[in-house]
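Chains as they are written, first to last, in my numbering: chain G, 1 to 392; chain U, 1 to 564.
Step one of this worksheet: look at the structure below.
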């Protein structure tokens, strides 16, 4: 039996303005509203709206045979509520077909799991409520920010009522085994681990537009045969929704590819499964034992993209040192402002990696360098500290 | 009497300002023009470079052809000149910018592809190759230094010499290494004495190990010169000790400080603010500022530090600040325009200048004018002028941190430093500087130079050039009200002098001194003084300060050796 699971994550951060030293103490609004709105407009036009239309077309054409998974961050949903209700509506329309499973994550797309477990739990629950509110379903499968995963995370999610968790199929932990099976973390009973097939996912995300690749051009037909012929129960193709139209611009043919892929997969007799389908239908193959957190980010696939250097560590440490005061204040606005500063992108912009990973950061970061990003972030944090001091 | 004719060779001049050099040259020229017949030759002058009573020649505004005016091979000593004049490129001189503006952020290390010294094959051969229009094109985009700075320096010398052949002057006055070659050439051609003004040396920029074309040129120029005018005694020491220049011909002259318009503004945050202002390069000691900040922040929750400026050390300092976990209290502004700089000065509670080597340090003087108490390194010219500022060696972060903490917490000390430094600065004028310059002129000419000013100018031996003496706590007893503290029962002559050293001079000082401070002054003086009890001194001093001598007498009758 051959199955495939298509999973797309979607997220937009609330980027900060170039908050300078002279603003500390009197300017309590840290975000660049206009920039964030412009980013949202652009990504909506380049990706979200055309992709939603294509996926709707695929559902209409293939009916119950076609399904996939989406995970939207709380910050993105809020941005759409505020600026683009039309785009939010198009996601709601997709959800109404019943062919889309919504996957849980931290509301603020944060690194809370690594820094504060109570805060992590708060954000997981907040996200579940938000998904219920708009899409009428309760997420049962979870994916952490940056696909950060370890045994402990699976255990905690089990306690929170999830029956599945997604993770990177890291070769050092797979040890020669295939990612195309259902796994489980040690000492868990009711939660299964679903692993990304890194090779096949990256064939599309990283190599589709690479003209020097010996498989270039990659057609939907060719890709479907690769998936059909890969060993195992289910191939998990995970990628950001923004791959379409942003990382791979329209002229690469990425939209045509996704438009034809479901048909080509059908031709190869490949079934579509959602994450929850896998948990319910597939047998657990083995234990996937990960002691230290891994991620799907950068060449190291560890935590270094967000907390590899001293600036990132300092920013995180100072932010979470405010947790107690902020939460105890019971001031919803203050809690929200503090929470939005937890979004992982703020820390990702501060990494000082070079070469490919560095280029990728420069492409995504709104700042001229990690150093200016750090200066703005710490200035804003200094202002928030003053507010907290006044509250306590 | 006939006015002295001075030929000044400059590089930067307003409105082309890249750093402190332009400001200093302008200040000197303005004051000098009042007393002498002044001609200034600059590589580039604009219509705005106008100064009353001075003749400013910008090489960009005239047509000159280089003529071969001297045969360099004739004299042994000028063989060395040839060696410099033929240098088109020397390693280690890429992007040299001795007075870079704050804007020029060096982000990456400079690549040095060439490692050999290039020399031109046809040098000093009359006007066959270049005209000054090609020369001038090198100065486009306001680039006063740049990769081809040697070539600019050499060509400038050629044009200046050609021009000077038709000028009348008594003394040549060259500023820094860029104009030294020109000065040497004109001296040789005219036989007139050469005075070199040292604003900044390669020692300041690159440290004591710096050698190479730049250092050699500075040393050669100052050896040939008839007198050297460093902008401080500190720099004079370097000229003597590091460059081996005869101290007899070194005449330190402090720069003037122009009065600036000041204002004060409340910070928008509740904490106190300590300010560092300047290029973030090794010379300015930014890493010491960060260390000082870490120490102060560890003790004091109510303070922020801000580092304003940009430079090749910025990234390193940012990362170190994060490592030291002071990221929320230690801020960076990057390059700031004048308006923002003034805003910071208006907000700051303490100014800190921990320079490793600072010929003068105009920014500290400006801070003092803004009424900010300053903590400055002893390795600066400013420390000689601002005698009431608190000083420490640049590496002595403990003492610098203590000074800052004291200034933040001790209101009396703070007031004293502010008022004292403010007075110090008042006497530092360009007119005063020109008096010193005239002394150097007199020395090189062998007769008293008198300008319009009737004041007699004696030819003096240069002032003592030993390392500038800085008082441990830089509060000078001059200009401070001093009372006879011995009138306080319990205080004898020895304790009085201990109190003076601790900054307590008047009855009022004593009345407001903290008990703990008095105790520590006594404790620091050794076991002999620890038994003295200062508990009634403040009370007595208050009566003395108010002139209530009768009441004081009555109180003292009740006391036993100053104790109850």
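Here a beta-carbon is modelled for each residue, glycine too, at the ideal position from N, C-alpha and C.
query, result
"Where residue 375 of chain G sits in the DSSP three-state scheme", "helix"
"Coarse secondary structure for residue 194 of chain U, derived from DSSP in three states", "strand"
"Beta-carbon gap between residue 401 of chain U and residue 292 of chain U smaller than 7 Å", "yes"
"Interface flag, residue 328 of chain U vs chain G, CB-CB below 7 Å", "yes"
"Chain U contact for residue 4 of chain G (CB, 7 Å cutoff)", "no"
"Distance, residue 32 of chain G Cα to residue 432 of chain G Cα", "The structure shown does not extend to residue 432 of chain G, since chain G is modelled only from 1 to 392, so the question has no answer here."
"Closest Cα partner of residue 233 of chain U within the set U:331, U:224, U:329 and U:255", "U:255"
"DSSP beta-bridge partners of residue 376 of chain U", "U:353 and U:391"
"Proximal residues to residue 384 of chain G (C-beta, below 6 Å), its chain only, five neighbours per side dropped", "none"
"N- and C-terminal bounds of the alpha helix (DSSP H) containing residue 54 of chain U", "Element bounds for residue 54 of chain U: not the alpha helix (DSSP H) but the beta strand (DSSP E), 54 to 58."
"Any non-hydrogen atom of the ligand SAM within 6 Å of residue 33 of chain U CB", "As far as ligands go, the structure on display features none, and thus does not contain the ligand SAM."
"Opening and closing residue of the beta strand (DSSP E) in which residue 182 of chain G lies", "182 to 184"
"Collapsed DSSP secondary structure at residue 4 of chain U in the structure displayed", "coil"
"Residue burial classification, residue 190 of chain U (beta-carbon count within 10 angstroms, cutoff 16)", "buried"
"Element boundaries [beta strand (DSSP E), containing residue 272 of chain U]", "272 to 277"
"Residue burial classification, residue 198 of chain G (beta-carbon count within 10 angstroms, cutoff 16)", "buried"
"Proximal residues, the stretch 369 to 392 of chain G versus chain U, C-beta separation under 7 Å", "371, 374, 375, 378, 379, 381, 382, 385 and 386"
"Range covered by the alpha helix (DSSP H) that runs through residue 299 of chain U", "286 to 299"
"Cβ pair residue 145 of chain G, residue 344 of chain G closer than 7 Å", "yes"
"Spatial neighbours of residue 190 of chain G in its chain, beta-carbon cut-off 8 Å, leaving aside the 5 residues before and after", "158 and 163"
"Contact under 7 Å by Cβ, residue 16 of chain G with residue 7 of chain G", "no"
"Whole-angstrom distance between residue 315 of chain G and residue 283 of chain G, CA atom to CA atom", "43 Å"
"Beta carbon of residue 307 of chain G nearer than 7 Å to that of residue 301 of chain G", "no"
"Pairwise C-alpha distance: residue 297 of chain G and residue 151 of chain G", "18 Å"
"Simplified DSSP assignment, three categories, for residue 234 of chain G", "strand"
"Whole-Å CB distance - residue 14 of chain G paired with residue 340 of chain G, under 8 Å assumed", "5 Å"
"Inter-stretch contact (C-beta, 8 Å, three-pair minimum) for the stretch 364 to 384 of chain U and the stretch 293 to 313 of chain U", "no"
"Reference residue 279 of chain U, options U:251, U:317 and U:562, closest by Cα", "U:317"
"Residues sharing a beta bridge with residue 240 of chain G, DSSP", "G:9"
"Backbone CA spacing between residue 398 of chain U and residue 352 of chain U [nearest angstrom]", "14 Å"
"Short-range partners of chain U found in the stretch 296 to 318 of chain G, where Cβ spacing is below 9 Å", "309, 310, 311, 312, 313, 314, 315, 317 and 318"
"Under 8 Å from the C-beta of residue 265 of chain U: neighbouring residues of chain G", "Within 8 Å Cβ-Cβ: nothing; residue 265 of chain U doesn't reach chain G, min ~10 Å."
"Nearest-angstrom Cα separation, counted from residue 23 of chain U out to residue 403 of chain U", "30 Å"
"Chain-ordered neighbours of residue 343 of chain U on chain B, where CB pairs are closer than 8 Å", "Protein chains G and U are contained in the structure displayed, whereas chain B is not."
"Euclidean distance between Cα positions of residue 436 of chain U and residue 32 of chain U", "11 Å"
"Strand pairing of residue 86 of chain G, partner residues [DSSP]", "Paired residues: none, contrary to the question."
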